[in-house]
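**Q** Just passing along the structure, written as structure tokens.
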Amino acid sequence: MQNEEKILILGGSSYVGRSLSAELGYARTICTYNSTNVKNGIFFNSLTMDLADVVSNPEGISHAVILLGDTNPETCAADVQKSYALNVDSIKLIIKRLSEWHIKPIFASSEFVFDGTKGNYVETDPVNPILTYGRQKVEIEKHLQDYCENHVIIRLAKVFGDRLGDDTLFTKWIDDIANNRTIRCAYDQSFSPIYVRDVVRVVIQLTEANCDGIFHLASTHAYSRVELLEILLKHVNKYVDIDVEIVRCSILDFDLLEKRPLNVSMVPDKLIQTIDFQVSDIESTCKDIVSDIFENGFDRLIDKPIETQNERK
Ligand SMILES: NC(=O)c1ccc[n+]([C@@H]2O[C@H](COP(=O)([O-])OP(=O)(O)OC[C@H]3O[C@@H](n4cnc5c(N)ncnc54)[C@H](OP(=O)(O)O)[C@@H]3O)[C@@H](O)[C@H]2O)c1
975 MQNEEKILIL GGSSYVGRSL SAELGYARTI CTYNSTNVKN GIFFNSLTMD
1025 LADVVSNPEG ISHAVILLGD TNPETCAADV QKSYALNVDS IKLIIKRLSE
1075 WHIKPIFASS EFVFDGTKGN YVETDPVNPI LTYGRQKVEI EKHLQDYCEN
1125 HVIIRLAKVF GDRLGDDTLF TKWIDDIANN RTIRCAYDQS FSPIYVRDVV
1175 RVVIQLTEAN CDGIFHLAST HAYSRVELLE ILLKHVNKYV DIDVEIVRCS
1225 ILDFDLLEKR PLNVSMVPDK LIQTIDFQVS DIESTCKDIV SDIFENGFDR
1275 LIDKPIETQN ERK
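Using this note's numbering, the first residue of the sequence shown is number 975, and each one after it goes up by one.
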């Protein structure tokens, strides 16, 4: 990628998009938002607008990172038609425009393209989504493979951050602990969560290396949700006596519209080899998150770059 070429972030207001644009800087990015205004962002509702209405100089853009969509499996299942219009129809139109402009799409797919019966999925494993959200991701993956010669598909594991208020894996639990809220935690759901800063670095490196293809972006080990909570509690215990009620339960005990896949862990080896990337270790990252929050005080970290959103999936 040449320095003067820009990266279009479709869904610049998303959790991942805000971290990515913060890292790349305003000079190198064009960010869209829909309902959540972001600094220097362009309003773009993909349900009602054509990308050509808002992007005036496509020749200056090398890659477009497609992050926008309904990213909550529950709302996707609650109104399949509505989520399909956004997650499939509108993204196909975006891809068509990008192809016309010779801009390479980088599509954020998900671990939920798998049915969760195997775990440790590699890129060559067959997809078999059991969630509406996962089926929609698969439809775009296939569309890219059929109609777009050059593209990148990044299947993201569950993304977590390090800021109180970002409502991701560890920080959400720290917030629960601080506010004495009961934590219900599944022992039978496994995944390989990925640090948001890794997601940002990988997207940038994939654009710089001008890669193509499917990549799994996940931690190098699979963990059950209970194991992840135990890792967190071990570190939090060094700072405070934990007094919250912890209820270990099955994922089936949660009142969800669709049954969740049980083990969606993925193996990131292909990515590691392709761009010589070192994925952050979960245990040491968790330790750093806890020490940063507890040694620097809660107040300092609230409302920092990664802002509070609705409770995350
Ligand atoms: N976060 C994860 O753990 C995770 C895991 C696997 C895959 N992914 C994938 O990674 C991508 C980013 O995830 P995220 O969690 O960062 O997303 P997110 O925070 O849920 O943000 C969703 C984005 O979609 C935009 N959007 C919603 N409706 C729109 C519309 N009608 N027109 C245009 N934009 C619209 C939102 O804009 P406004 O906020 O401005 O309305 C926002 O920028 C998604 O594709 C997601 O499926 C995420």
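All C-beta atoms, glycine included, are put in the ideal place defined by N, C-alpha and C.
Determine the direct distance from the alpha carbon of A1160 to that of M975, and round the result to whole angstroms.
**A** Residue mapping note: residue 975 aligns to position 1 of the sequence shown, counting from 1. Residue mapping note: residue 1160 aligns to position 186 of the sequence shown, counting from 1. Confidence is the limiting factor: at M975 the pLDDT is only 47, short of 50, which leaves the residue's position unreliable, though a coordinate-based value still follows. Looking at the two C-alpha atoms, the distance is approximately 43 Å.
**Q** Residues near ligand 1, CB to any non-hydrogen atom under 5 Å, in chain order?
**A** Selection output, chain order preserved: G985, S987, S988, Y989, V990, Y1007, N1008, S1009, T1010, N1019, S1020, L1021, L1041, L1042, G1043, T1045, A1082, S1084, L1130, K1132 and V1133.
**Q** Let me make sure I understand the geometry here. Which of T1006, D1262 and K1244 has the alpha-carbon closest to that of D1099?
**A** As a working mapping, residue 1099 is identified with position 125 in the sequence shown. Ranking the options by Cα distance to D1099, first place goes to K1244.
**Q** Compute the beta-carbon to beta-carbon distance between P1235 and G1090, rounded to the nearest angstrom, for a pair I have assumed lies under 8 Å.
**A** Within the sequence shown, the letter at position 261 stands for residue 1235. Within the sequence shown, the letter at position 116 stands for residue 1090. P1235 to G1090, Cβ: 2 Å. Contact.
**Q** Ends of the alpha helix (DSSP H) at K980?
**A** In the sequence shown, the residue the question calls residue 980 occupies position 6. Unbroken run through K980 is the beta strand (DSSP E), K980 to L984; no alpha helix (DSSP H).
**Q** Considering only C-alpha positions, which residue in the set V990, H1190, V1029 and D1141 is nearest to V1238?
**A** Taking the sequence shown and counting its residues from 1, one reaches residue 1238 at position 264. Closest option to V1238, Cα to Cα, is H1190.
**Q** Apart from the five residues on each side of it in sequence, which residues of its chain come closer than 6 Å, Cβ to Cβ, to N1008?
**A** The residue labelled residue 1008 in the question sits at position 34 within the sequence shown. So the list reads N1019, once near-sequence residues are dropped.
**Q** Distance, Cα to Cα, H1117 vs R1071?
**A** Position 143 of the sequence shown holds residue 1117. Position 97 of the sequence shown holds residue 1071. If I take the Cα positions, the gap works out to 14 Å.
**Q** Which ranges would you report for the beta strand (DSSP E) in the stretch 1071-1131 if only whole runs of at least 3 residues count?
**A** Listed in chain order, they are 1078-1084 and 1126-1130.
**Q** Taking R1222 as part of the beta strand (DSSP E), name the residues at either end of that continuous run.
**A** Along the sequence shown, read from residue 1 onward, the residue named residue 1222 stands at position 248. It spans I1220 to C1223 - the beta strand (DSSP E) in which R1222 sits, taken as one unbroken run.
**Q** For H1037, does the three-state DSSP call read helix, strand or coil?
**A** Here residue 1037 corresponds to residue number 63 of the sequence shown, with the count starting at 1. It is a strand residue.
**Q** In angstroms, rounded to a whole number, what distance separates the CA positions of D1186 and V1133?
**A** Along the sequence shown, one-based indexing puts residue 1186 at 212. Along the sequence shown, one-based indexing puts residue 1133 at 159. Their backbone Cα atoms lie some 22 Å apart in a straight line.
**Q** Under the DSSP definition of a beta bridge, which residues are partnered with Y1169?
**A** For the purposes of this step, residue 1169 is identified with residue 195 of the sequence shown, where counting begins at 1. Per DSSP, F1134.
**Q** Who are R1175's beta bridge partners in DSSP?
**A** In the sequence shown, counting from the first residue as 1, residue 1175 sits at position 201. Paired residue(s): none; R1175 is not in a bridge.
**Q** Take F1251 as the anchor and find which of T1194, C1260 and V1087 has the nearest alpha-carbon.
**A** Translated into positions along the sequence shown, residue 1251 becomes position 277. Ranking the options by Cα distance to F1251, first place goes to T1194.
**Q** Report back the beta-carbon spacing between I983 and L1021 to the nearest angstrom; my notes put them in contact at under 8 Å.
**A** On the sequence shown, residue 983 is found 9 positions in, with the first residue counted as 1. On the sequence shown, residue 1021 is found 47 positions in, with the first residue counted as 1. Contact doesn't hold; Cβ gap of about 18 Å is too wide.
**Q** To which residues does DSSP link G1187 through a beta bridge?
**A** As a working mapping, residue 1187 is identified with position 213 in the sequence shown. Beta-bridge pairing links G1187 to V1126.
**Q** Classify H1037: buried if its beta carbon has 16 or more other beta carbons within 10 angstroms, exposed otherwise.
**A** Within the sequence shown, numbered from 1, the residue matching residue 1037 stands at position 63. Label assigned to H1037: buried.
**Q** If contact is defined by three or more beta carbon pairs under 8 Å, each pair taking one atom from either stretch, is the stretch 1168-1182 in contact with the stretch 1196-1213?
**A** These segments do not touch.
**Q** For the beta strand (DSSP E) containing I1216, list its first residue and its last residue.
**A** Counted from its first residue, the sequence shown places residue 1216 at position 242. Where I1216 is concerned, there is no enclosing beta strand (DSSP E), given that its DSSP letter is neither H nor E.
**Q** Are the CB atoms of A1196 and I1168 nearer to each other than 8 Å?
**A** The count along the sequence shown starts at 1 and reaches residue 1196 at position 222. The count along the sequence shown starts at 1 and reaches residue 1168 at position 194. Going by C-beta atoms, A1196 is not nearer than 8 Å to I1168.
**Q** By the 10 Å Cβ neighbour count, where 16 or more other Cβ atoms means buried, how is L994 classified, buried or exposed?
**A** Your numbering for residue 994 matches position 20 in the sequence shown. By the neighbour-count rule (16 or more Cβ atoms within 10 Å), L994 is buried.
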